[in-house]
Structure formats: C-alpha cells, structure tokens
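Engineer:
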Amino acid sequence: MTRLTKWFRRDNQVSGVSMPTGSLPQHVAIIMDGNGRWARRRGLPRSAGHHAGMRGMRDVIRASDDIGIPCLTLFAFSTENWTRPETEVEYLMRLPEEFFRTEIDELVERGVRVRFIGDTSKLPAYTRDTVTRTLERTTNNQGMIVTFALNYGGRADVLEACKRAAGEVAKGTVGWDEITEKGFGEYLSTGDLPDPDLLIRTSGELRMSNFLIWQAAYAELWFTDVLWPDFRREHLYQAIHDYQRRKRRFGGVK
Ligand code: FPP
0 MTRLTKWFRR DNQVSGVSMP TGSLPQHVAI IMDGNGRWAR RRGLPRSAGH HAGMRGMRDV
60 IRASDDIGIP CLTLFAFSTE NWTRPETEVE YLMRLPEEFF RTEIDELVER GVRVRFIGDT
120 SKLPAYTRDT VTRTLERTTN NQGMIVTFAL NYGGRADVLE ACKRAAGEVA KGTVGWDEIT
180 EKGFGEYLST GDLPDPDLLI RTSGELRMSN FLIWQAAYAE LWFTDVLWPD FRREHLYQAI
240 HDYQRRKRRF GGVK
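Everything in the sequence shown is counted per numbering that gives the first Met the number 0, starting at 0 for the first residue and increasing by one.
(1) What residues are listed by DSSP as bridge partners for residue 12?
(2) From the DSSP output, in three-state form, read off residue 5 for me.
(3) Relative to ligand 1, is the shortest distance from any of its heavy atoms to the C-beta of residue 200 smaller than 7 Å?
(4) Could you check the C-alpha separation between residue 60 and residue 147 for me, to the nearest Å?
(5) Is residue 0 helix, strand or coil when you go by DSSP?
(6) Using beta-carbon positions only, say whether residue 201 and residue 223 come within less than 8 Å of one another.
(7) So, does the region 194-210 touch the region 19-39, judging by three or more C-beta pairs under 8 Å?
(8) Hey, would you say residue 109 sits closer than 8 Å to residue 58, going by beta carbons?
(9) Please state whether DSSP places residue 163 in a helix, a strand or coil.
(10) On the CB-based measure, 16 or more other CB atoms within 10 Å of its CB, does residue 45 come out buried or exposed?
(11) Helix or strand or just coil, what does DSSP make of residue 175?
(12) With C-beta atoms as the reference, is residue 137 less than 8 Å away from residue 173?
(13) Given this structure, state the Cα-to-Cα distance separating residue 24 from residue 215, to the nearest angstrom.
(14) Pick out whichever of 13, 19, 14, 11 has its Cα sitting closest to the Cα of residue 239.
(15) Looking at ligand 1, does it come within less than 7 Å of residue 209, judged from the CB to the closest heavy atom?
(16) Just to confirm, does residue 49 get its C-beta within under 7 Å of one of the non-hydrogen atoms of ligand 1?
(17) Could you tell me the distance, in whole angstroms, from the CA atom of residue 226 to the CA atom of residue 249?
(18) Is the beta carbon of residue 35 within less than 7 Å of some heavy atom of ligand 1?
(19) Touching or not, the region 152-159 and the region 122-129, by the rule of three or more beta carbon pairs under 8 Å?
(20) So which of 53, 12, 69, 231 has the shortest CA-CA distance to residue 195?
(21) Per DSSP, residue 226 forms a beta bridge with which residues?
(22) Since residue 236 and residue 13 should fall inside the 8 Å C-beta cutoff, what is the C-beta to C-beta distance between them, to a whole number of angstroms?
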C-alpha cells in the first residue's frame, strides 16, 4: 500500500471544508496558543490543555502531509516560556517524549523529516534525548520537513545569525558585500527552508510573539479564535483557502 492510498482522505471534505488543491503555501508556520484557556474552561489544570494540544499537532502534521505542504513549523516553547511556573515548564518539557513515542512510527512511515530550532542545549537532558533520538530516526527521510521550535526566540535567532555572519567576515571567508538579505537568511536557524508563506495563530491573540520575525516578513497572517487543542485539519484547510484568495504583492503592484 502506498503512503498516499493509506493516508489520503477519500471524502475530500472535512466538516464541509474541502481539501485545498492548487497553489499551496510552501511553508506554514503555526503559533499554537490557547492551551491554558482551553483547560480553564473545563475546570482542568493547564497541563491538561498542553496535553490536549498534542492532538492538534498530530492533526495538522497529518493534514499538511496529506495535501502536500513541504514545510511545517510549530512553535512549541519560546525563550520567554521559562518564566512560567516550574511545574508547567517541566510538564511541557516532558511532552516531546510522549509525543514522539506515540507518533514516531507514523512520522517515519510518512517520510517526515523532523527538525528542531531554538537553543536545545538548554533543555533538560530527558528532552534533549528525545530530540537526538527523533533526529536520528528521521534524518534520512525525504518527505515533508516538520520543524519544532523549542526554546526558540526570533530575536535570538537573528542575533546568532549576525554573530555567525560577522565571524565569517572577521575571518575573511565572507566579504561584507556577500551579506545580502538573501545570504543573511541562510545564517538563520531555518537557513535552508523557504520563508513561511502562511503564519497561523490560534486563540484570538494578534501577535507574532518573537516567532520567525525575520523569516515571516512577508508571510500572510491568519488568526482564529479557535483554541489550539480544538484546532483540526478543517481549520488548516480554511486558513489555506483564505491564503489562496490573498493577493501577495511583496511591496510591488499587481
Ligand atoms: C501556548 O498556550 C502553548 C504553549 C506554550 C505550548 C504549546 C505546546 C504544545 C501544543 C505541545 C508541545 C509538544 C511537543 C511535542 C513539542 P498557552 O499555555 O499560552 O495558553 P493560554 O494563552 O490560554 O494560557
């Protein structure tokens, strides 16, 4: 059975929203927000919201792969999230272990290449082990690239890229003139990925929150009041349909 016949949904419609075809975003980035509020509305601890958020992740990865989106990037933990209560941080740090334990076989079967951006060296050892194991299992895959931003901050990403570029210039391996906008992008953690075309944020918040601030300069933004644990493939489809109706001008005229 091929990958597509096994996973592709034949009905072509989910909750009345059709599967997008035609010109797809090459890179979708998502700020997964609203886990805490989802839990509070149910009288549950915040951790329950984070746990339920894994369902949304599973659904968007499957949906993105089914329709053929080449790159998906998920904001799972920001450099600012360390200020949360210790118990919540620890809970979040343990979720990758559970997520990849249950998902890794399907990810491998789909040919998904998993990557991580952000300073993973600062993660607890048990999270780093999961990162290493997941990279090992998926590194030779040839399919969709799914990037998890873990301990990621856009400003830190830009600053690191500046330091690396300046280091090369100082060594004389790269000239000042070679540090162009395009060339600089290659020093970022997403260096070999296309810039995100579509940036989604859930839960009604209208902010970038330090996510891919350089890379998303021309991303189409799509906001929804849906809380992340309730986000499903039909919401992704809606976002893509809206994206396909946008006229992207990149500062020019059409
Ligand atoms: C934001 O909601 C969500 C996060 C900070 C964490 C997102 C993490 C996951 C969905 C699971 C991570 C799992 C893996 C495998 C990386 P919030 O807590 O800020 O919600 P609130 O604004 O309603 O309080």
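By construction, the Cβ of each residue, glycine as well, lies at the ideal position given by its N, Cα and C atoms.
Every value quoted in this text rests on a predicted model; they were computed, and no experiment measured them.
Structural biologist: So, from the listed chains and residues:
(1) Start at 1 with the first residue of the sequence shown, and residue 12 comes out as number 13. DSSP, once it has assigned bridges, lists 17 as partnering residue 12.
(2) Taking the first residue of the sequence shown as 1, we reach residue 5 at position 6. Because the pLDDT of residue 5 is 47, which lies under 50, any placement of that residue in the model is unreliable, and the question is left without a value.
(3) On the sequence shown, residue 200 is found 201 positions in, with the first residue counted as 1. It does not: the Cβ of residue 200 is nowhere closer than 7 Å to a heavy atom of ligand 1.
(4) Walking along the sequence shown from the start, residue 60 turns up at place 61. Walking along the sequence shown from the start, residue 147 turns up at place 148. Cα to Cα, the separation comes out at about 11 Å.
(5) Numbered from its first residue, the sequence shown carries residue 0 at position 1. With a pLDDT of only 38 at residue 0, under the threshold of 50, the placement of this residue in the model should not be trusted, and no figure is reported.
(6) Numbered from 1 along the sequence shown, position 202 holds the residue referred to as residue 201. Numbered from 1 along the sequence shown, position 224 holds the residue referred to as residue 223. Their beta carbons are under 8 Å apart, which means residue 201 touches residue 223 by this criterion.
(7) yes
(8) Here the question's residue 109 lines up with position 110 in the sequence shown. Here the question's residue 58 lines up with position 59 in the sequence shown. Against a cut-off of 8 Å, the Cβ pair of residue 58 and residue 109 comes out as no contact.
(9) Residue numbering aside, residue 163 sits at position 164 when the sequence shown is read from its first letter. It is helical.
(10) Taking the first residue of the sequence shown as 1, we reach residue 45 at position 46. With 16 or more other Cβ atoms within 10 Å, it is buried.
(11) One-based indexing of the sequence shown puts residue 175 at position 176. Note: residue 175 maps to helix in three-state DSSP.
(12) The residue you call residue 137 lines up with position 138 of the sequence shown. The residue you call residue 173 lines up with position 174 of the sequence shown. No. Outside cutoff.
(13) As a first step, residue 24 is located in the sequence shown; it is residue number 25 there, counting from the start. As a first step, residue 215 is located in the sequence shown; it is residue number 216 there, counting from the start. For residue 24 and residue 215, the distance between alpha carbons rounds to 13 Å.
(14) Along the sequence shown, one-based indexing puts residue 239 at 240. Residue 239 has its Cα closest to that of 19, out of 13, 19, 14, 11.
(15) Taking the sequence shown and counting its residues from 1, the one referred to as residue 209 is at position 210. No, since every heavy atom of ligand 1 falls outside the 7 Å radius drawn around the Cβ of residue 209.
(16) Translated into positions along the sequence shown, residue 49 becomes position 50. Under cutoff, so the answer is yes.
(17) The sequence position of residue 226 within the sequence shown is 227, counting from 1. The sequence position of residue 249 within the sequence shown is 250, counting from 1. If I take the Cα positions, the gap works out to 30 Å.
(18) The sequence position of residue 35 within the sequence shown is 36, counting from 1. Indeed, a heavy atom of ligand 1 lies less than 7 Å from the Cβ.
(19) no
(20) Numbered from 1 along the sequence shown, position 196 holds the residue referred to as residue 195. Nearest C-alpha to residue 195: 69.
(21) For the purposes of this step, residue 226 is taken as the residue at position 227 of the sequence shown. None; residue 226 has no bridge partner.
(22) Mapped onto the sequence shown, residue 236 falls at position 237. Mapped onto the sequence shown, residue 13 falls at position 14. Yes, residue 236 and residue 13 are in contact; Cβ-Cβ is about 6 Å, under 8 Å.
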